[in-house]
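Novice: Under this note's numbering, the first residue of the sequence shown carries the number 660, and numbering increases by one thereafter.
Where is the CB? At the ideal position from N, CA and C, for every residue including glycine.
Sharing a structure with you now.
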Amino acid sequence: MASDNEAEEARAVEPEAESEGSSEAGEAAALERLCRAGQWARCLAHAGARAPHYALRYVAHLFKTHSRIEGINIESEDVPEALSQALDTLRQYLNTGDSAGPVVSDADAGIAKAVCAEVLLRVSIAPKAYNALKDAGTVMLAMGADDRAMQAITLLMALHVPQIAGRAARALPRYTDIIVADVAFYACGMVLRSEGNGSAREAFVFLNRCLDLTEAADDDSAHLLDYTDFECTDWARAALLAERGCVRGAPLDDVREWALHVSMDQAVEQTLPVDSRGLYASSVGEAELCCVLTGYPLGTRLVTFTNGRCANREWWSRATNAARNDAAPAALLQLLVAWCGEPDYTPL
């Protein structure tokens, strides 16, 4: 909150700016004084063409002054207030609504990249907050997010689409170096657990990893985590964790109890299954592109997009059919088209 002196300084800004005339330098100086005074709303209201720059700075300020774990609840459909304010601000001042791709200047590319990474990280701690995930995807695109970040937010959204959730869940851990790892393994593991006994083996591996990651976050011991069980995957080796474990309370107790129960069932193997390649099914080669919708290897029958990315035709059709009656897949496909361009069904 601004001090009384800062508030007095802020009140003096607008007349001072007028006295300096309409010169660009005078306007910029006035906006900078508003920032220093903590008068972000007034700054943005008067920023005009500079609004994207100050919106990015305001969001960076919000993230600096509010911890990543402040107000988090991984089971909630709402996000912490700081993230909500950040998304609202970015939507208002960055998203033009009539163009795809970045709308920030080259000079702001650095701060946009940092803010984009933090938006993705923070929204990943709220995997059930679908509206926030959708908004995050929109503003990330406006900030010039790279393909890897866009793929991560797409798969987080895909967890909400039953027709493709299982595939998205098996692919999402690839991105646990840019999204919070313990929450990702929890969310994905719960999707697999909901598939029933046929997926219990995989669900156990995912949720057991969640427990290990939560403990590592609490003990600051991520460097001690063993990757041996995941050599058959393309999952990130370096796990991104928050200041402490984000899976806590009842969800953590439930996972512990379930994992303990499964660990005593000799009929359930406790390793990931592999395919004819000797790899986990969702794994893609280093030089390969994955399906933008599911994160899986592409297969042979494809839908192509104007940016060169592709989707597996069968799974794209499933999502398209689901989108006719459900807002979640419709929003997911809308983001994919904004990111990748219009789909082309012509056989390659």
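Once the 5 residues before and after E777 are set aside, which same chain residues still bring their CB inside 6 Å of it?
Specialist: Excluding sequence neighbours, E777 sits near F722.
Novice: Who are the Cβ neighbours of C905 in its own chain at under 7 Å, not counting the five residues just before and after it?
Specialist: If we look at C905 and ignore the five residues flanking it on each side, its Cβ neighbours are I728, I731, I733, I784, V839, D841, V842.
Novice: Helix, strand or coil for Q856? Go by DSSP, reduced to three states.
Specialist: First, the amino acid is wrong: residue 856 is Asn here, not Gln. Residue state, collapsed to three classes: helix.
Novice: Between the alpha carbons of A824 and A706, how many angstroms are there, rounded?
Specialist: Each residue's Cα considered, the two are about 42 Å apart.
Novice: Would you check if the distance between the CB atom of T724 and the CB atom of L994 is smaller than 9 Å?
Specialist: No, the Cβ-Cβ distance between T724 and L994 is not below 9 Å.
Novice: Measuring alpha carbon to alpha carbon, tell me which residue in T892, L911, S726 is nearest P739.
Specialist: Among T892, L911, S726, the Cα nearest to that of P739 is on S726.
Novice: With DSSP as the reference, please indicate the residues paired to C949 in a beta bridge.
Specialist: C949 is bridged to P956.
Novice: Answer with buried or exposed for H920, where buried requires no fewer than 16 other C-beta atoms within 10 angstroms of its C-beta.
Specialist: H920 is exposed by the Cβ-count criterion.
Novice: Is it buried or exposed for L883, if we count other Cβ within 10 angstroms and need 16 for buried?
Specialist: Answer is exposed; the Cβ neighbour count stays below 16.
Novice: Just to confirm my understanding: we take G680, look at its own chain, exclude 5 residues before and 5 after, and list those with CB closer than 8 Å. What are they?
Specialist: Its pLDDT being 48, under 50, G680 is placed unreliably by the model, and nothing is read from it.
Novice: Report yes or no: do three or more beta-carbon pairs, one from the stretch 969-976 and one from the stretch 934-944, lie closer than 8 Å?
Specialist: The stretch 969-976 vs the stretch 934-944: no contact.
Novice: Roughly how many angstroms separate the alpha carbons of W975 and E947, rounded to a whole number?
Specialist: The alpha-carbon atoms of W975 and E947 are separated by roughly 19 Å.
Novice: Looking at the secondary structure, which residues open and close the beta strand (DSSP E) in which V763 lies?
Specialist: No beta strand (DSSP E) holds V763; DSSP gives it neither H nor E.
Novice: G937: buried (16+ other C-beta within 10 angstroms of its C-beta) or exposed?
Specialist: By the neighbour-count rule (16 or more Cβ atoms within 10 Å), G937 is not buried but exposed.
Novice: Less than 8 Å between the CB atoms is what I'm expecting for A978 and V820, so what's the real figure, rounded?
Specialist: Yes, they are in contact, since the Cβ atoms of A978 and V820 sit about 6 Å apart, within 8 Å.
Novice: If you compare alpha carbons, which of R709, H720, A827, I812 is closest to R695?
Specialist: Of the listed residues, the one whose Cα sits closest to R695 is H720.
Novice: Could you spell out where the alpha helix (DSSP H) holding A785 opens and where it closes?
Specialist: Element bounds for A785: n/a, residue is neither H nor E.
Novice: Which residues mark the beginning and the end of the alpha helix (DSSP H) in which A981 is found?
Specialist: Here the alpha helix (DSSP H) through A981 covers 972-982.
Novice: Let me check one thing: in DSSP terms, what residues is C969 bridge-paired to?
Specialist: BP columns for C969 point to T963.
Novice: Does the Cβ of A745 have 16 or more other Cβ atoms within 10 Å, making it buried, or fewer, making it exposed?
Specialist: A745 comes out buried.
Novice: Can the beta-carbon of L952 be found less than 9 Å from the beta-carbon of L991?
Specialist: Contact flag set, yes.
Novice: Measuring alpha carbon to alpha carbon, tell me which residue in D879, T892, A768 is nearest G803.
Specialist: G803 has its Cα closest to that of A768, out of D879, T892, A768.
Novice: So, are the CB atoms of L851 and R829 less than 9 Å apart?
Specialist: Against a cut-off of 9 Å, the Cβ pair of R829 and L851 comes out as a contact.
Novice: For D836, does the three-state DSSP call read helix, strand or coil?
Specialist: In the structure shown, D836 sits in coil (DSSP, three-state: anything other than H, G, I, E or B).
Novice: Classify P821 as helix, strand or coil using the three-state DSSP reduction.
Specialist: Three-state DSSP puts P821 in coil, outside helix and strand.
Novice: Does the separation of the CB atoms of A741 and R833 fall below 9 Å?
Specialist: Against a cut-off of 9 Å, the Cβ pair of R833 and A741 comes out as no contact.
Novice: Evaluate T959 with the Cβ neighbour count: other Cβ atoms within 10 Å of its Cβ, from every protein chain shown; 16 or more gives buried, anything less gives exposed.
Specialist: Classification for T959: exposed.
Novice: Across the stretch 926-937 and the stretch 886-893, are there enough close Cβ pairs to call them in contact, namely three or more that are closer than 8 Å?
Specialist: Cβ pair count under 8 Å is three or more, so yes.
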